[in-house]
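Colleague:
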Ligand SMILES: Nc1nc2c(ncn2[C@@H]2O[C@H](COP(=O)(O)OP(=O)(O)O)[C@@H](O)[C@H]2O)c(=O)[nH]1
Ligand SMILES: [Mg+2]
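Protein chains in written order, with the UniProt record's numbering: chain A, 1 to 634; chain B, 1 to 200.
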């Protein structure tokens, strides 16, 4: 199928042609057009000039689907530094790449797609001899991020961790649907084959090499292994260089040093270094949330201090956080998301929370699962989205909060890592909970009174029942993307009044029916930079299984990392096509849009559709975002 | 406004039966009392409270975080009612330094150990000392040996429990949250020992 012919019914499919968008200022067509990256870009070595302009563009040739392999190779060679280095680094490890493919196949996604994946295999099988330009990029990255193989550390690590092969156990357990809280495989240690095959390990250890936390296996049995990691870290630190990343075959070992506490991730998931490092930062933050940073003092008194008793009973908090790395985009977007609600309903909730905040509560947060209903901060107090993520994870993963109201010391690492706050937590129903944070350890009865008052208001204004309804209705669906671009009042098209009629005269009819939205749109995430909030569309076919969702999030995550690698310019766009998706990313000063399309989607139409998504989000922003919470400014 | 901080703080005007519901006049027949449970993690504090308050026993362990607050009112034979406001603490080491937050001002402290665990018995004695040093001077203390249903695994004898309690002027009882044995008795005995308010 030729994509050129699929778009012939519209005259605006060429980004360089007339601009049909009513918002000419920020049109993504302009972005792409101005970068002069037309479909068959032939700039094999993008100039530095372009990079400095913030243009980050990975173009895939648009041709027949039959020649995927060639196209994708081409596209890899075209991409500028940020994208190319990832691909090129992998090319030195072709064997590992093939193992990864087997793994994907054995984990048994949709069989057909797996075969296609195997055949085209763009992400892994980059042609061996790398071009002079791409090796240059790799070198650039190597100097900034890692001491690489030169230190001879690779061999040490390789001894410890064998190649991961088909890990069918993990494939099942890692899916969101079947995820059970708590630590698994406690019987394992570093001598177990199964332990060595796990695709992603996380460790926390002390600078003296004492284990503090391990995702898999019993920390105490891993003492020897921890000591090895500690030895690696101090070896490199003594050399005056802080180790951050070591590559060993297809494994990345990422280190994060936080005073006396070391965090390590060993992964063969192909996630970018920046993402893994961000995950280690969150794990550290979670630990601070439980203990505060004053735990460092224990190490000053006694370098051999054993921290595990202090974290007693919190395995489930960490395992739930680590699990969220594969399903919760907040973990890499550093933004929070709201439960969609009618504006008046959210206002009603916000008003009573504001009353409470005025009476000496630092933060009043009403949440439904991991989504915010409303939140209010005392004057000048602002809550970082990462703190919210960690707090919500802590509360949701600790079953005891559901049993009765509670009052617990917690620390918000971004707010003040040194001090405990006190959190009053109460569940109104199985999904909806209130958190009132205060600096006063005596405030329990006051907060309890506040909660009673809040509960009365929420019941009277139907907030709790509306929350339940929203849960049932779900959020934005790509199928509901309005097809006309007329500005409309912000109503949330739950009932599908804007749904694309099947006999639409519009241009989308030749796409496969029943999959996703117009123009092959499968999914999107829109992040408002000003609000620090994001909205993500509901998953629908064909991204329906937890495994596919995880893969898409990983792809977004990679996109995010490449877009944020060197600071965000005012405007950046990226268009990637591989055998799984077309991914489109558009970053402006106001927002970031990540969209996934059918891999055969037409590029011009996809771009146009992204503009429509942005317009749609603006139309319904009253319902999907928390707006204008006055004292709540970053 | 209902929760302005200028309102009398209930937690400071608290307890020992001097407060009645909803800010009404003190009432000799309706006693409100703050009770704190202390003891090692895993001895069954939460199960004891849930058995008492909800009549349930859930064998799947739900580690307490910080402290949970529950209340339950019982009626005594002399037609007095006692409302227990119960702080079920976590017992984990990281919160040890924060325990005063919960036992400060408590009229009753229930120190729990697990009869199958000598360690937890030692920990109970630590809590007793801590309360003698930093608790209210007139605090009523109970020593509870829980998991009495596991008598075949018993490692702390009844005699040891009684001796420890007597030495420290405590009331002693063995309970089982699992079978509900002695759970209500525990709270009834505590209620009987409460000082009755003399004010009208
Ligand atoms: N056999 C038995 N098990 C109990 C009893 N009370 C609690 N448990 C178990 O002991 C474990 C810890 O109980 P929990 O109430 O969470 O302890 P806490 O940490 O002191 O609150 C749970 O697995 C309970 O099922 C009891 O009376 N008998
Ligand atoms: Mg408990």
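C-beta: ideal position from N, C-alpha, C; glycine also.
Compile a chain-ordered list of the residues in the region 389-407 of chain A whose CB is closer than 7 Å to at least one CB of chain B.
Modeller: For the region 389-407 of chain A, which is checked against every Cβ of chain B, the residues closer than 7 Å are 398, 399, 400, 401, 403, 404, 405, 406, 407.
Colleague: Would you check if the distance between the CB atom of residue 249(B) and the CB atom of residue 162(B) is smaller than 7 Å?
Modeller: Outside the displayed range of chain B (1 to 200) lies residue 249(B), so it cannot be described from this structure.
Colleague: Measuring only between beta-carbons, confirm whether residue 546(A) sits less than 7 Å from chain B.
Modeller: Not closer than 7 Å to any Cβ of chain B, the Cβ of residue 546(A) fails to qualify, so no.
Colleague: Determine the closest residue to residue 427(A) out of 406(A), 437(A), 412(A), 414(A), with distance taken between C-alpha atoms.
Modeller: Looking at the Cα atoms, 406(A) is the closest of the given residues.
Colleague: Closer than 7 Å between beta carbons: that is the criterion. Which residues of the region 59-87 of chain B meet it against chain A?
Modeller: Cβ contacts with chain A: 62, 63, 64, 65, 66, 67, 68, 69, 70.
Colleague: Can you name the start and end residues of the beta strand (DSSP E) that residue 435(A) belongs to?
Modeller: First-last of the beta strand (DSSP E) with residue 435(A): 432-438.
Colleague: I'd like to know if the region 450-460 of chain A and the region 429-436 of chain A are in contact, where contact means that at least 3 CB-CB pairs between them fall below 8 Å.
Modeller: Taking 8 Å as the limit for Cβ pairs, the verdict is that the region 429-436 of chain A does touch the region 450-460 of chain A.
Colleague: Candidates 226(A), 606(A), 470(A): which alpha carbon is nearest residue 373(A)'s?
Modeller: Residue 373(A) has its Cα closest to that of 470(A), out of 226(A), 606(A), 470(A).
Colleague: Can you tell me which of 293(A), 225(A), 589(A), 441(A) puts its alpha carbon nearest to the alpha carbon of residue 307(A)?
Modeller: Out of 293(A), 225(A), 589(A), 441(A), 293(A) has the C-alpha closest to the C-alpha of residue 307(A).
Colleague: Only counting the same chain, and skipping five residues up and downstream in sequence, which positions put a Cβ closer than 7 Å to that of residue 44(B)?
Modeller: Excluding positions up to five away in sequence, the list reads 112, 114, 146, 147, 177.
Colleague: Let's test the definition: count the other Cβ atoms within 10 Å of the Cβ of residue 318(A) and tell me whether it reaches 16, buried, or not, exposed.
Modeller: Label assigned to residue 318(A): buried.
Colleague: What is the DSSP secondary structure of residue 592(A), counted as helix, strand or coil?
Modeller: Residue 592(A): strand per DSSP, three-state reduction.
Colleague: Could you give the first and the last residue of the continuous beta strand (DSSP E) run that contains residue 141(B)?
Modeller: First-last of the beta strand (DSSP E) with residue 141(B): 140-146.
Colleague: Specify, as a first and last residue, the run of the alpha helix (DSSP H) that residue 167(B) falls within.
Modeller: Where residue 167(B) is concerned, the enclosing alpha helix (DSSP H) stretches over 158-167.
Colleague: Given a cut-off of 7 Å, decide if residue 226(A) and residue 209(A) are closer than it, judged by their beta-carbon atoms.
Modeller: It is a contact, given that the beta carbons lie within the stated cut-off.
Colleague: Can you tell me the Cα-Cα spacing of residue 375(A) and residue 258(A), whole angstroms?
Modeller: Roughly 31 Å between the two C-alpha positions.
Colleague: Thinking C-alpha only, which one of 179(B), 128(B), 94(B), 192(B) is nearest residue 164(B)?
Modeller: The option with the nearest alpha carbon to residue 164(B) is 128(B).
Colleague: Quick check: what's the CA-CA separation for residue 223(A) versus residue 206(A)?
Modeller: Cα to Cα, the separation comes out at about 11 Å.
Colleague: May I ask whether a heavy atom of ligand 1 can be found less than 6 Å away from the beta carbon of residue 116(B)?
Modeller: Not so, every heavy atom of ligand 1 lies at least 6 Å from the Cβ.
Colleague: Against residue 441(A), what residues of chain B qualify as contacts under a CB-to-CB distance less than 7 Å, listed in chain order?
Modeller: Neighbours of residue 441(A) on chain B, chain order: 101.
Colleague: Just the C-alpha distance for residue 476(A) and residue 537(A), rounded to the nearest angstrom, thanks.
Modeller: Distance between the alpha carbons of residue 476(A) and residue 537(A): 5 Å.
Colleague: Label residue 378(A) either buried or exposed according to how many other C-beta atoms from any shown protein chain fall within 10 Å of its C-beta, with 16 as the threshold for buried.
Modeller: With 16 or more Cβ atoms within 10 Å of its Cβ, residue 378(A) is classed as buried.
Colleague: Is the separation between the beta-carbon of residue 229(A) and that of residue 254(A) shorter than 7 Å?
Modeller: No.
Colleague: Given the structure, does residue 397(A) come close to ligand 2, in the sense that its CB is under 6 Å from one of the ligand's heavy atoms?
Modeller: No, since every heavy atom of ligand 2 falls outside the 6 Å radius drawn around the Cβ of residue 397(A).
Colleague: Could you work out which residue in 577(A), 618(A), 332(A), 341(A) is closest to residue 482(A) when comparing CA atoms only?
Modeller: If we check each option's Cα against that of residue 482(A), 618(A) comes out closest.
Colleague: Please name the residue in 95(B), 97(B), 141(B), 53(B) whose C-alpha comes closest to that of residue 180(B).
Modeller: Selected option, being the one with the closest Cα: 53(B).
Colleague: Could you give the first and the last residue of the continuous alpha helix (DSSP H) run that contains residue 346(A)?
Modeller: 343-358 is the span of the alpha helix (DSSP H), which, as asked, contains residue 346(A).
Colleague: Exposed or buried, which one is residue 303(A) when buried takes at least 16 other CB atoms within 10 Å?
Modeller: With fewer than 16 other Cβ atoms within 10 Å, it is exposed.
Colleague: Residues of chain B with CB closer than 9 Å to the CB of residue 651(A), please, in chain order.
Modeller: Past the edges of chain A, shown from 1 to 634, lies residue 651(A), and the structure says nothing about it.
Colleague: With a threshold of 16 other CB atoms inside 10 Å of the CB of residue 309(A), please say whether the residue is buried or exposed.
Modeller: Burial call: exposed.
Colleague: Which chain A residues are close to residue 98(B), counting only those with a beta carbon under 7 Å from its beta carbon?
Modeller: Within chain A, the residues near residue 98(B) are 409.
Colleague: Under 7 Å between the Cβ atoms of residue 70(B) and residue 409(A)?
Modeller: Not closer than 7 Å, so no.
Colleague: Using the beta-carbon of each residue, which ones in chain A are nearer than 8 Å to residue 130(B)?
Modeller: Residues of chain A passing the Cβ test: none, with the nearest at roughly 17 Å.
Colleague: Is the region 609-627 of chain A in contact with the region 540-550 of chain A, if contact means three or more CB pairs nearer than 8 Å?
Modeller: The region 609-627 of chain A vs the region 540-550 of chain A: no contact.
Colleague: Taking only the alpha-carbon atoms, compute the straight-line gap between residue 478(A) and residue 518(A) and give it to the nearest angstrom.
Modeller: One C-alpha to the other measures close to 8 Å.
Colleague: Taking 6 Å as the line, does the beta carbon of residue 404(A) fall inside it for any heavy atom of ligand 2?
Modeller: Flag unset: Cβ of residue 404(A) not near ligand 2.
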